[in-house]
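Chains as they are written, first to last, in full-length UniProt numbering: chain R, 1 to 443; chain V, 1 to 443.
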């Protein structure tokens with residue numbers, strides 16, 4: 001493999017093509033085809049000539065510098081801002097004093113990480129990331145616990161997912177552990193921006209953008225990985241309020257063979273009109289349904305969970321299986337891990353039913369309707385970094401509402417237990433190896 | 001309608017929701033929901049408060065300034081470059097001396113159009129367009145004919161499509177005629193960049209990007225519409241060469257309810273890995289198939305046409321119907337218009353069969369296979385701004401190739417005729433109202 005296309009991409013390509021069936025000649029073709037990265041060109045005919053032209057000039061990526069946190073350069077912001085009062089925070093509009101940037105180039109590999117004053121990025125107007133959505137990102141949070149300790153929640157999961165996402169759209173992968181080291185440095189420098197009020201946090205947004213200045217559609221040979229931070233308030237300002245979902249089959253968030261299972265920019269813009277329509281119809285978010293069977297997939301910006309009483313009387317926690325169309329959420333994974341530990345008896349959790357069964361499986365609107373009609377739809381909730389765990393009170397479907405009883409506490413017992421268990425680990429109330437320390441507390 | 005959400009979006013929303021069934025209350029909700037544009041906020045609960053918060057502060061968009069070419073400000077580039085020799089052009093990598101920018105803001109409407117030196121755009125690192133693919137564009141060309149006259153080809157179609165695209169992802173629409181006036185000014189200023197060699201042109205790329213600096217996912221309240229230009233060579237450097245397509249069903253370019261029918265950034269990044277895989281398997285481009293029936297949709301970056309001998313002996317020119325999943329190409333529309341004029345007898349075209357039938361309809365791989373087996377698959381070609389008209393020589397499907405005989409001229413008679421007719425109108429060899437004059441020739 002002589003090109004700079006990431007190993008992740010290569011393995012994706014091999015898996016899809018069926019690596020066992022690749023002849024030596026095909027492998028060679030595969031290798032050559034990926035010279036695309038270094039060669040903006042037009043159309044099929046030009047591809048051929050580009051392959052020939054660049055075949056001997058692209059460096060072997062295994063010899064190129066990887067992402068290296070020890071090369072970090074820090075330029076402190078001489079003009080520090082004052083963080084606004086926490087009660088005036090609006091999601092994603094206030095940014096801290098610094099940002100982290102790391103350039104990548106197919107000829108020279110990963111460049112020098114730089115923490116520098118937050119500010120505009122000079123962008124070539126022909127940057128392919130802007131024109132063709134060659135952009136992937138993560139959403140994570142830094143939390144301050146009661147002792148003043150600052151932690152990240154399972155950042156390794158975010159780095160693994162970002163690597164998966166960028167490879168899906170032919171951008172370079174990177175060493176996740178090195179990146180976490182760099183993110184910690186950024187968060188430490190701007191730690192005074194983390195609100196101290198309960199439920200508040202610092203939203204951390206890593207993003208990678210294809211920056212090669214070409215209008216050709218193909219793998220980029222330049223990219224910028226950067227991280228910005230924004231202090232945010234709790235999702236629920238006061239009490240928990242159940243959300244209303246609109247079963248949505250007129251729009252598709254993600255189809256099989258698309259990018260629904262990856263956190264890429266391309267998944268988001270197409271979903272805004274459906275969101276506005278759901279609001280117009282009196283709902284809070286879309287419940288994305290797939291195909292003629294109306295298979296449940298995701299909710300707006302969250303993964304979906306349902307609690308059912310099964311026909312044989314057990315309590316089943318169901319979430320749709322990923323099937324390469326659903327975003328593999330970190331909160332989703334954490335809920336599944338906790339629930340499975342409880343169900344197996346490995347770590348019992350107070351508040352969860354003794355007979356809990358945990359399923360990742362296909363579930364259709366017909367099944368949800370039937371369960372509701374038979375009084376077996378106990379709870380529905382969404383899970384994500386922003387909303388943590390968010391109860392669902394009704395689902396609009398076929399012109400009616402399927403109502404889920406959330407009780408006087410606004411959420412059923414499984415939902416409340418999961419919210420407590422996840423937030424407990426995020427804010428240090430429950431000791432957990434999922435909490436990765438950025439900075440020790442002062443108490 | 002008190003908000004700045006475009007009428008196109010509103011009509012989309014109304015159409016989808018079913019405007020006839022909207023009660024007055026629902027209409028009010030719809031109107032309020034679109035305040036999203038002015039209000040970055042998080043989640044469903046915040047949406048409610050944002051609605052209340054902004055309900056009285058957003059200006060009525062009908063009173064805001066529209067795009068106005070008479071406000072154009074021109075700052076000439078003091079440092080003009082020398083265009084490279086035409087034989088060294090690579091698609092989309094060389095840019096001219098100037099660019100056109102027009103800012104938009106939900107509070108102040110369309111701002112001052114500015115033609116200025118080509119250069120970097122200062123980009124806020126939290127610009128939502130970058131994070132969420134709120135970006136849509138056009139591909140058009142300026143041609144220089146033998147007399148030196150400079151024209152655009154059906155620019156009204158590109159402007160109409162861009163308006164459709166931006167509305168689909170909740171960006172503001174604009175007056176297409178004003179925009180064409182501005183594009184003409186830009187092309188005139190950089191007209192010496194249009195190569196004079198046959199088959200060369202100036203590729204013109206209008207793009208609109210959501211620039212509001214927020215990590216909230218919703219309609220943007222700031223956008224930048226800009227235009228850059230790049231001199232390009234012909235798609236085929238020498239003789240016409242048939243391309244090979246790989247029937248692709250493991251990936252989905254666009255699903256019903258997605259954005260396949262709109263020229264938005266989000267359609268492109270997800271298609272690069274499939275393109276690399278097609279190349280790895282020895283093909284030039286993907287033939288995107290949809291669903292279990294393997295319905296033909298598009299080819300890589302082109303629309304698809306087939307010429308079939310029908311079972312009753314007629315000649316049928318088939319292209320898949322748009323079905324809101326296929327990009328409505330300007331070249332596609334032009335070919336259909338010419339073919340229909342010929343078929344109806346309105347304007348006979350030499351080289352097309354006398355018994356031509358023109359169809360926009362669903363066509364499956366099973367039908368293509370059957371037609372090929374029975375000797376009735378006469379021609380296949382792609383059509384687009386870049387490739388113009390591009391013959392297809394084989395289609396990989398189910399591990400075999402469906403071969404299309406392109407003859408010794410590299411393309412069948414319908415393909416060659418359409419290439420001649422389209423290029424003839426683009427380069428002024430055939431007089432046509434589709435050619436819109438930017439600058440008269442000197443002869």
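Heads up, the beta-carbon is just placed ideally off N, CA and C, and yes, glycines get one too.
It should be emphasised that the depicted structure is a prediction, and the values quoted were computed from it without experimental measurement.
Assumed close pair residue i, residue j - CB separation to whole angstroms, cut-off 8 Å
i              : j              : result
residue 455(V) : residue 158(V) : Since the first residue of chain V shown is 1 and the last is 443, residue 455(V) is not available in this structure.
residue 64(V)  : residue 108(V) : 7 Å
residue 289(R) : residue 247(R) : 6 Å
residue 335(V) : residue 386(V) : Actually they do not touch by this definition, with Cβ atoms about 15 Å apart.
residue 440(R) : residue 149(R) : 6 Å
residue 350(V) : residue 341(V) : Actually they are not in contact, since the Cβ atoms of residue 350(V) and residue 341(V) sit about 13 Å apart, beyond 8 Å.
Same chain only: Cβ atoms within 8 Å of residue i, ignoring 5 sequence neighbours per side
i              : result
residue 372(V) : 402, 403 and 404
residue 409(R) : 240 and 416
residue 430(R) : 421 and 424
residue 89(R)  : 195, 200, 231, 232 and 233
residue 506(R) : With chain R covering only 1 through 443, there is no way to say anything about residue 506(R).
residue 442(R) : 147 and 148
Among the options, nearest to residue i - alpha-carbon criterion
i              : options                           : result
residue 120(R) : 212(V), 108(V), 435(V) and 67(V)  : 212(V)
residue 343(V) : 330(V), 328(V) and 359(V)         : 359(V)
residue 134(R) : 103(R), 153(R), 154(R) and 166(R) : 166(R)
residue 438(R) : 326(R), 182(R) and 109(R)         : 182(R)
residue 128(V) : 285(R), 269(R) and 99(R)          : 269(R)
residue 68(R)  : 97(R), 103(R) and 82(R)           : 103(R)
residue 115(V) : 149(V), 337(V), 352(V) and 70(V)  : 70(V)
residue 318(V) : 324(V), 310(V) and 86(V)          : 310(V)
residue 218(R) : 436(V), 272(V), 413(V) and 77(V)  : 272(V)
residue 525(V) : 436(V), 432(V), 205(V) and 427(V) : Any answer about residue 525(V) is impossible in this case: the structure gives chain V only from 1 up to 443.
residue 262(V) : 325(R), 118(R) and 132(R)         : 132(R)
residue 191(R) : 199(R), 276(R) and 204(R)         : 204(R)
residue 395(R) : 368(R), 117(R) and 320(R)         : 368(R)
residue 363(V) : 381(V), 111(V), 305(V) and 274(V) : 305(V)
residue 200(V) : 249(V), 233(V), 169(V) and 151(V) : 233(V)
residue 178(V) : 284(V), 152(V), 77(V) and 66(V)   : 66(V)
residue 245(R) : 356(R), 292(R), 336(R) and 297(R) : 297(R)
residue 250(V) : 130(R), 255(R), 250(R) and 249(R) : 255(R)
Interface residues of chain A facing residue i [CB-CB closer than 7 Å]
i              : result
residue 214(R) : Reference to chain A is not applicable here, since the protein chains of this structure are R and V.
Listed by chain order, chain V residues near residue i by CB distance under 9 Å
i              : result
residue 143(R) : What residue 143(R) touches in chain V: nothing, since even the nearest Cβ is about 17 Å away.
residue 305(R) : Ordered by position in chain V, no residue passes the 9 Å Cβ test against residue 305(R), which lies about 17 Å from the chain.
residue 319(R) : Within chain V, no residue comes near residue 319(R); the closest Cβ sits about 20 Å away, beyond 9 Å.
residue 258(R) : 251, 252, 253, 254, 255, 258 and 270
Same chain only: Cβ atoms within 6 Å of residue i, ignoring 5 sequence neighbours per side
i              : result
residue 208(V) : 136, 166, 171, 223 and 225
residue 80(R)  : 97
residue 307(R) : 317, 378, 379 and 414
residue 324(R) : 261
residue 187(V) : 142 and 438
Contacting residues, own chain, Cβ-Cβ under 7 Å from residue i (five flanking each side not counted)
i              : result
residue 423(V) : 388
residue 84(R)  : 94
residue 161(V) : 138, 263 and 328
residue 266(R) : 133 and 259
residue 406(R) : 242, 391, 393 and 412
residue 353(R) : 315
7 Å Cβ cut-off: residues of chain V touching residue i
i              : result
residue 228(R) : 125 and 126
residue 269(R) : 132, 133, 134, 169, 264 and 266
residue 427(R) : Correct list: empty, because the minimum Cβ distance to chain V is about 18 Å.
residue 120(R) : 122, 123 and 124
residue 137(R) : 131
residue 205(R) : 215
Proximal chain R residues relative to residue i, where beta-carbon distance stays under 8 Å
i              : result
residue 140(V) : In chain order: nothing, as chain R lies at least about 12 Å away.
residue 246(V) : None at all; the shortest Cβ gap to chain R is about 11 Å.
Where residue i meets chain V, residues with beta-carbon distance less than 8 Å
i             : result
residue 85(R) : By Cβ distance, chain V contributes nothing, its closest Cβ being about 17 Å from residue 85(R), past 8 Å.
Contacts that residue i makes with chain R (C-beta to C-beta distance below 9 Å)
i              : result
residue 218(V) : 272, 275 and 276
Contact list for residue i against chain R, beta-carbon separation under 7 Å
i              : result
residue 301(V) : 217
Which runs of the beta strand (DSSP E), 3 residues or longer, sit entirely within the region 142-191 of chain V?
150-153
Could you tell me which uninterrupted beta strand (DSSP E) segments, each at least 3 residues in length, are contained entirely in the region 203-259 of chain R, listed from first to last along the chain?
222-232 and 243-248
In the region 271-336 of chain R, which residue ranges form an unbroken beta strand (DSSP E) of at least 3 residues, counting only runs that do not cross its ends?
285-290, 295-299, 302-309 and 315-319
Restricting to runs no shorter than 3 residues, where is the beta strand (DSSP E) found entirely within the region 384-443 of chain R?
388-397, 400-403 and 435-439
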